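Here's the structure, in structure tokens; my notes come after.
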Amino acid sequence: WFPKFQDVKRCVAFEYYRDGDIVSRKYRTISEKAFTQDAGCEQIFYGHDDALQFLREKTEDVKNELLIIAEGEMDRLVLCDVGFWNAVSVPSGAKNLDFLSYSDDLFLHEDSGDFRDVVIAGDLDEDGQQMMEELARRLGKEHCYRVRWPKAEDGTQCKDANEVLMKCGREALQDAINNAEGWPIADIHVVSDYLTEVVKLWKG
649 WFPKFQDVKR CVAFEYYRDG DIVSRKYRTI SEKAFTQDAG CEQIFYGHDD ALQFLREKTE
709 DVKNELLIIA EGEMDRLVLC DVGFWNAVSV PSGAKNLDFL SYSDDLFLHE DSGDFRDVVI
769 AGDLDEDGQQ MMEELARRLG KEHCYRVRWP KAEDGTQCKD ANEVLMKCGR EALQDAINNA
829 EGWPIADIHV VSDYLTEVVK LWKG
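If you read the sequence shown in the numbering used here, its first letter stands for residue 649, the second for the next number, and so on.
Okay, here's the thing in structure tokens:
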């Protein structure tokens, strides 16, 4: 049953696991893009258990593993498809960050082997940009990286991981994640920030 249509629709169910148990299900219609969730369920990252398993399989000398946070379930699935099993997605879209209080066991624990840094791979629409900025603020910008999605061959801008895979291919998606850049922090600059000015000085 989808409230948007006031009707029953065929759908795909995304199951959210914590410690091997299903704690939530989110449903997406097949023919139209609409979502609904189980009522009163726990709000955690989609892919929570896979991310923890990714950590457990790493050796003790591997430090500062990255957690990749995508905006939607399909984006998280395509990231897994190209090899990033350290990817999760937010449960309630870009406007609700309450899930962070339920996912504290994943990252930013200075004395544990959990994820220390985060790649935020959100959508390029307004809601996605606001979500990424708020995530970076809450998690600490010094711990965060952001992804620059590439353009397709026809010049159109890809807005998320799923579009990159469909329009640009697997390698382009892998490169976008691997080349994530440090989150900009006020009054801290990198060499590339001065490229234009340096070239003007050199030529002039």
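Beta carbons: idealized from backbone N, C-alpha and C, even for Gly.
If you're wondering where the values come from, they're calculated on a predicted model, not measured in any experiment.
Exercise for the section: Mind checking which residues open and close the beta strand (DSSP E) that includes Thr677? Expected result: As a first step, residue 677 must be located in the sequence shown, where it is residue number 29. Element bounds for Thr677: 669–677.
Handout entry: Minimum C-alpha distance to Ser740 - residue among Leu700, Ile717, Asp697, Gln691
Key = Mapped onto the sequence shown, residue 740 falls at position 92. If we check each option's Cα against that of Ser740, Gln691 comes out closest.
Problem - Residue environment, Val812, which counts as buried when at least 16 other CB atoms sit within 10 Å - result: Residue 812 sits at position 164 when you count from the first residue of the sequence shown. By the 10 Å Cβ count, Val812 comes out buried.
Problem - Stretch pair the region 781–797 + the region 826–836: three plus CB contacts closer than 8 Å - result: With a cut-off of 8 Å, the region 826–836 and the region 781–797 count as touching, because enough Cβ pairs lie within range.
Problem - Where Cys689 falls: helix, strand or coil (DSSP) - result: As a working note, residue 689 is residue 41 in the sequence shown. Of the three classes helix, strand and coil, the one that applies to Cys689 here is coil, per DSSP.
Handout entry: Phe732 versus Glu845, Val847, Ala824, residue with shortest Cα-Cα distance
Key = Counted from its first residue, the sequence shown places residue 732 at position 84. Answer by Cα proximity: Ala824.
Handout entry: Supposed contact pair Glu719 and Gly776 - C-beta distance, whole angstroms, cut 8 Å
Key = Here residue 776 corresponds to residue number 128 of the sequence shown, with the count starting at 1. Here residue 719 corresponds to residue number 71 of the sequence shown, with the count starting at 1. About 6 Å separates the two Cβ atoms, so the contact holds.
Practice task
Kindly indicate which three-state DSSP category Ala769 falls into: helix, strand or coil?
Solution key: Locating residue 769 in the sequence shown gives position 121, where the first residue counts as 1. In the displayed model, Ala769 falls within a strand according to three-state DSSP.
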